[in-house]
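Taken in order, these protein sequences are the chains called A and B. Residues 1 to 173 in this note's numbering are what the first sequence lists, from first letter to last. Residues 174 to 346 in this note's numbering are what the second sequence lists, from first letter to last. See below for the structure under consideration.
Protein chains: 2
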Amino acid sequence: MSDQSLVSDFKQAMQELAASVNVITSQHDGSRNGLTATAVCSLSMEPVSMLVCIHKDVQALAEIRASGYFCINVLSTDQQSVSDVFAGSTGARGEQRFLEAGNWTSSQSGAPMLDDALASVVCELEEINTSGTHSICIGHVREVRLNRGSSPLIYARQQYGTLTELPETEKAA
Amino acid sequence: MSDQSLVSDFKQAMQELAASVNVITSQHDGSRNGLTATAVCSLSMEPVSMLVCIHKDVQALAEIRASGYFCINVLSTDQQSVSDVFAGSTGARGEQRFLEAGNWTSSQSGAPMLDDALASVVCELEEINTSGTHSICIGHVREVRLNRGSSPLIYARQQYGTLTELPETEKAA
């Protein structure tokens, strides 16, 4: 497999990997930063921790490093516009993104929590490991807020979707 | 927030984090191993790499370390029984899991690829970093096989589901 076709096939494979859409936020010296991310995992149960993969050169990563905290906001289907703004589709950056989309409150750590997110998980930064183009931010969970009523916003195959329970017939397969 | 309620809230938050269901496989000294995992991310584009979080004490992790390769098989809705078997629900272990569910072929590295998985991505193990209860396996992508026809099998809220495209009205929200 040539390098070029490997990369092309890898990109297509990653489009098949469905995931919740999250907005990762931080606050440092009174300035708020955030970006949309799908590469987010539960990591450890003891201590409770999560990880998020962020491009190593983005400003949001520098802000997370400086503040020592980040908040993972798990979006609902009602928050597609928040995802778009924090993915940069409107051209807004930094504080402007928070003004354009969503209602935000400050966590104890300062990291912004999105009102009506399915879950907001505030993590204290434990370490950042860079591997290739991206950095893995590992954080210990310090604060959790839940709003579990709505449906999850999922991204796959280059489009937004939501979760539908499988019918019982398929479950039995 | 007490430690106990933090852990309980964290568990509930993680139920809201929807993700594709994958079976991670390896082969070492002629013996095949595999387990079901949802904590799987695309990591880097240059080099192309992925990560998967696996409990640090499971046999499958030892086998990945020994073989130096692992394959991430992204499941379709038709492969719920494969997910169940590799999650341990039938009590099968090691080679027996491969006999109970799915049709498997060997990748060039030896790591088993699941026929009709939406994607199978073979990675060469780059490093393993342990954090708390889990280890992060980082691998460089060496081989990709695609079968993109079916719907992705997704796990969230303690049940299986699949992806439904959002209606245009919600998209405009």
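Glycine included, C-beta positions come from ideal geometry on N, C-alpha and C.
Are the beta-carbon atoms belonging to B:Ser280 and B:Ile237 less than 8 angstroms from one another?
-> No, these two residues do not count as a Cβ contact at 8 angstroms.
Hey, could you find the ends of the beta strand (DSSP E) B:Gln200 is sitting in?
-> Its beta strand (DSSP E) spans residues Asn195 to His201.
Sorted by chain position, which residues of the same chain lie with C-beta nearer than 6 angstroms to B:Ala210's C-beta, five sequence neighbours on each side aside?
-> Cβ-Cβ distances below 6 angstroms link B:Ala210 to Asn195, Ile197 and Val225 in the same chain, with the five nearest sequence neighbours on each side left out; the list follows chain order.
Which residues, in chain order, does the segment 269 to 289 of chain B contribute to contact with chain A at a C-beta distance below 8 angstroms?
-> Residues of the segment 269 to 289 of chain B that bring their beta carbon within less than 8 angstroms of a beta carbon in chain A are absent altogether.
Can you tell which of B:Thr250, B:Ala233, B:Ser293 and B:Gly283 has the C-alpha that lies nearest to the C-alpha of B:Phe259?
-> Ranking B:Thr250, B:Ala233, B:Ser293 and B:Gly283 by Cα distance to B:Phe259 puts B:Ala233 first.
Ordered along the chain, which non-local residues of its own chain (more than five positions away) have a Cβ less than 6 angstroms from that of A:Ile128?
-> Same-chain partners within the cutoff: Ser135 and Cys137.
Cutoff 8 angstroms: B:Ser230 Cβ touching any chain A Cβ = Looking at the sequence provided, one finds Asp at residue 230 of chain B rather than Ser. Answer no: the Cβ-Cβ gap between B:Asp230 and chain A never drops below 8 angstroms.
Hey, would you say A:Ser44 sits closer than 8 angstroms to B:Gly305, going by beta carbons?
-> In contact: A:Ser44 and B:Gly305 (Cβ atoms closer than 8 angstroms).
Near A:Gly199, what residues of its chain come up, given a Cβ to Cβ distance below 6 angstroms and the 5 sequence neighbours on each side ignored?
-> The requested residue 199 of chain A is not part of the displayed model; chain A covers only 1 to 173.
Within the segment 192 to 256 of chain B, ranges of the beta strand (DSSP E) (whole runs, at least 3 residues) = Restricted to the segment 192 to 256 of chain B, the beta strand (DSSP E) segments that are unbroken, complete and at least 3 residues in length are 195 to 201, 204 to 210, 213 to 218, 221 to 228 and 242 to 247, listed in chain order.
Could you have a look at A:Gln159 and say whether DSSP puts it in helix, strand or coil?
-> A:Gln159: strand per DSSP, three-state reduction.
Taking 8 angstroms as the CB-CB limit, is A:Gln4 close to chain B?
-> Taking Cβ atoms only, chain B never reaches closer than 8 angstroms to A:Gln4, which makes this a no.
Does B:Tyr242 come within less than 8 angstroms of chain A when only Cβ atoms are used?
-> Closer than 8 angstroms: no.
Secondary structure at B:Leu339, three-state DSSP: helix, strand or coil?
-> Here B:Leu339 sits in coil by DSSP.
Would you say B:Ile309 faces chain A, with C-beta separation under 8 angstroms as the test?
-> Chain A places a beta carbon closer than 8 angstroms to that of B:Ile309, counting this residue as a contact.
Start-to-end residues for the alpha helix (DSSP H) that takes in A:Gly94 | Per DSSP, A:Gly94 belongs to the alpha helix (DSSP H) from Gly94 to Glu100.
List the residues of chain B that A:Gly161 touches, going by C-beta distances under 7 angstroms, in chain order.
-> Those within 7 angstroms of A:Gly161 in chain B are Leu336, Thr337, Glu338 and Leu339.
What is the rounded straight-line gap between the Cα of A:Leu125 and the Cα of A:Ser49?
-> Looking at the two C-alpha atoms, the distance is approximately 10 angstroms.
Give me the Cα-Cα distance between A:Glu16 and A:Asp84, rounded to the nearest whole angstrom.
-> About 20 angstroms.
What in chain A is Cβ-close to B:Asn246, meaning under 7 angstroms?
-> Correct list: empty, because the minimum Cβ distance to chain A is about 10 angstroms.
So, is the C-beta of A:Thr133 closer than 8 angstroms to a C-beta in chain B?
-> Yes, A:Thr133 counts as interfacial toward chain B.
Residues that DSSP places opposite B:Gly312 in a beta bridge = Answer is B:Met223 and B:Leu298.
Excluding five sequence neighbours on each side, which residues of the same chain lie with their C-beta closer than 8 angstroms to the C-beta of B:Arg321?
-> Leu291 and Ala292, listed in sequence order.
Any C-beta of chain E sitting closer than 8 angstroms to the C-beta of A:Thr90?
-> Among the protein chains in the structure shown, which are A and B, there is no chain E.
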